[in-house]
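Undergrad: The opening position of the sequence shown corresponds to residue 118 in this note's numbering, with each subsequent residue numbered one higher.
Can you read through this structure? Questions will come right after.
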Amino acid sequence: PGEPAVLKQSPDQEVRLLLLGLDNAGKTTLLKQLAAEDITHITPTQGFNIKSMQSAGFKLNVWDIGGQRKIRPYWKNYFENTDVLIYVIDSSDRKRFEETSLELSELLDGEELAGVPLLIFANKQDLLTASTPRSWPSAPPAHHPDRMWQVQACSAVTAEGVQVESGEGDASAWLPRVTASQSAL
118 PGEPAVLKQS PDQEVRLLLL GLDNAGKTTL LKQLAAEDIT HITPTQGFNI
168 KSMQSAGFKL NVWDIGGQRK IRPYWKNYFE NTDVLIYVID SSDRKRFEET
218 SLELSELLDG EELAGVPLLI FANKQDLLTA STPRSWPSAP PAHHPDRMWQ
268 VQACSAVTAE GVQVESGEGD ASAWLPRVTA SQSAL
């Protein structure tokens with residue numbers, strides 16, 4: 118209710134972001150785009166990557182966890198102290214929509230991430246087979262009214278929707294607002 122508190126942004130303000138999603142959703146490519154790094158040679162994440170970067174006056178510590186089926190049971194080991202959950206969906210892989218929806222629902226239903234704000238990246242919008250978030254039946258966060266959330270269409274390859282410097286609808290505008298409101302709690 119109301120506007121989120123204004124947080125004094127400083128490079129010392131640390132925010133822990135947990136980056137999850139099925140294998141091949143584009144999590145590592147997205148992370149490298151956020152960090153303005155080269156994306157030409159990316160391999161599937163075995164385990165996890167950690168990247169720290171400055172953005173919007175915050176120090177972001179991003180934990181990119183592999184999404185292979187055999188790794189997913191270990192996701193819970195990374196939940197502690199998570200400030201924002203980022204879930205990446207391959208919006209061009211319709212055959213896996215049910216699987217990714219079930220994984221996301223399981224994450225949101227768990228106590229460990231209760232109340233943690235959620236940013237869903239509907240990735241691979243540059244592909245002709247991509248579906249837009251509007252065409253999805255219903256997003257799992259809709260069943261969690263106590264959680265701040267946003268669905269953001271993007272392409273990690275082209276960076277569209279990932280890091281736009283202006284506008285209220287992009288991810289880089291949403292993150293400072295949600296972080297400020299979390300810090301005010």
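Glycine residues also receive a C-beta, built at the ideal position from the N, C-alpha and C atoms.
Around the Cβ of residue 198, are there at least 16 other Cβ atoms within 10 angstroms (buried) or fewer (exposed)?
TA: Residue 198 comes out exposed.
Undergrad: Beta carbon of residue 160, beta carbon of residue 144: below 8 Å?
TA: Taking 8 Å as the Cβ cut-off, residue 160 and residue 144 do not qualify as a contacting pair.
Undergrad: State the DSSP-derived secondary structure class of residue 149, mapped to helix, strand or coil.
TA: The answer is helix: DSSP assigns residue 149 an H, G or I state.
Undergrad: Anyone know if the C-beta pair for residue 200 and residue 148 falls short of 8 Å?
TA: Going by C-beta atoms, residue 200 is not nearer than 8 Å to residue 148.
Undergrad: Please go through the same chain and pick out, in chain order, the residues whose beta-carbon is closer than 6 Å to the beta-carbon of residue 247, but skip the five residues on each side of it.
TA: Cβ within range, chain order: 208, 209, 241.
Undergrad: What's the gap between the Cα of residue 244 and the Cα of residue 203?
TA: Their backbone Cα atoms lie some 21 Å apart in a straight line.
Undergrad: Verify whether the separation of the beta carbon atoms of residue 239 and residue 268 is less than 8 Å.
TA: Their beta carbons are under 8 Å apart, which means residue 239 touches residue 268 by this criterion.
Undergrad: Considering only their Cβ atoms, is the gap separating residue 276 from residue 150 smaller than 8 Å?
TA: In this structure, residue 276 lies closer than 8 Å to residue 150 by Cβ.
Undergrad: Could you tell me the alpha carbon to alpha carbon distance between residue 158 and residue 262, rounded to whole angstroms?
TA: So the two alpha carbons sit approximately 39 Å from each other.
Undergrad: Report the three-state DSSP secondary structure of residue 284 (helix, strand or coil).
TA: Caution is warranted here: a pLDDT of 42 is assigned to residue 284, below 50, making its placement in the model unreliable, and the coordinate value is therefore given only provisionally. In the structure shown, residue 284 sits in coil (DSSP, three-state: anything other than H, G, I, E or B).
Undergrad: Please look up how many angstroms separate the CB atoms of residue 165 and residue 138, rounded, as I've assumed it's under 8 Å.
TA: The pair is not a contact, with the Cβ atoms about 13 Å apart (cut-off 8 Å).
Undergrad: Name, in chain order, the residues that DSSP records as bridge partners for residue 169.
TA: For residue 169, which the question treats as bridged, DSSP gives the partners 178.
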